[in-house]
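Enquirer: Residue 67 is where the sequence shown starts when you use this note's numbering, and the numbers rise one by one after that. Before anything else, here's the structure in question.
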Amino acid sequence: MDKSEITILNELSEPIVHALAPEEVESYAILSEEYFENPNEFAKGRGRDQELGVGIELGSLLTPIIIAIAKEVWDFVWKIVKEQAAVEGKSLLQDKVKQFFKPLHKEGKAKESLSTKDLKSIQQKALQTCIKMGVKPADAEQIAGSIVLQLLNEA
Numbered sequence: 067m068d069k070s071e072i073t074i075l076n077e078l079s080e081p082i083v084h085a086l087a088p089e090e091v092e093s094y095a096i097l098s099e100e101y102f103e104n105p106n107e108f109a110k111g112r113g114r115d116q117e118l119g120v121g122i123e124l125g126s127l128l129t130p131i132i133i134a135i136a137k138e139v140w141d142f143v144w145k146i147v148k149e150q151a152a153v154e155g156k157s158l159l160q161d162k163v164k165q166f167f168k169p170l171h172k173e174g175k176a177k178e179s180l181s182t183k184d185l186k187s188i189q190q191k192a193l194q195t196c197i198k199m200g201v202k203p204a205d206a207e208q209i210a211g212s213i214v215l216q217l218l219n220e221a
């Protein structure tokens with residue numbers, strides 16, 4: 067867990083501790099630090115009967131529970147955002163690919179350029195696809211060449 071995640075989890079947890087366990091507010095920093103040093107101990111329920119160095123018994127505390135729940139919420143929201151980013155990322159990738167096709171832009175110039183090697187690969191793949199689809203070799207050559215020319219479009 068990185069520091070920014072810990073900060074966010076504390077920002078989410080601390081007001082809840084203030085509302086639900088005001089008696090734990092003074093020890094929140096200690097409890098939070100203890101939790102983040104070893105969250106698995108709290109998750110396993112170990113240490114419930116242990117006392118912290120300041121004489122606080124862990125078993126009766128809400129702070130570690132609230133932080134653990136905040137972490138679960140964080141993980142859940144992270145997953146949702148990650149899925150949304152994947153969907154939005156697809157759109158960004160599509161936009162990036164479209165930038166290679168000059169006629170799709172109002173200004174008529176590609177924002178990205180392809181190397182000669184890339185253009186040859188594209189032409190070869192287009193040719194192979196045409197042949198697989200039963201296009202006559204001469205027509206396939208013309209289609210593949212036209213695709214490359216379209217990408218170049220007065221480059």
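Using N, Cα and C, we set each Cβ at its ideal position, and we do this for glycine too. The structure presented is a predicted model; accordingly, all values stated were derived computationally and were not measured.
(1) Could you spell out where the alpha helix (DSSP H) holding Ala48 opens and where it closes?
(2) Just to confirm the assignment, what range does the alpha helix (DSSP H) spanning Ser98 have?
(3) Give the straight-line distance between the Cα atoms of Val120 and Ser157, rounded to the nearest whole angstrom.
(4) Examine the Cβ distances between the stretch 129-143 and the stretch 86-98 and report whether three or more of them are shorter than 8 Å.
(5) Report buried or exposed for Ile151, applying the criterion of at least 16 other Cβ atoms within 10 angstroms of its Cβ.
(6) With C-beta atoms as the reference, is Ile188 less than 9 Å away from Ile213?
(7) Considering only their Cβ atoms, is the gap separating Leu75 from Trp144 smaller than 9 Å?
(8) Do you know how far the Cα of Tyr94 is from the Cα of Asn104?
(9) For Leu128 and Lys162, I'd like the C-alpha separation in whole angstroms.
Expert: Taking the structure as given:
(1) Not covered by the structure: residue 48. The range shown for the chain is 67 to 221.
(2) Tyr94 to Glu103
(3) Model confidence at Val120 stands at a pLDDT of 48, short of 50, so the residue's coordinates are unreliable; what they give is reported in the following sentence. Whole-angstrom Cα-Cα distance: 54 Å.
(4) yes
(5) Per the sequence shown, the amino acid found at residue 151 is Ala instead of Ile. With fewer than 16 other Cβ atoms within 10 Å, it is exposed.
(6) yes
(7) no
(8) 15 Å
(9) 49 Å
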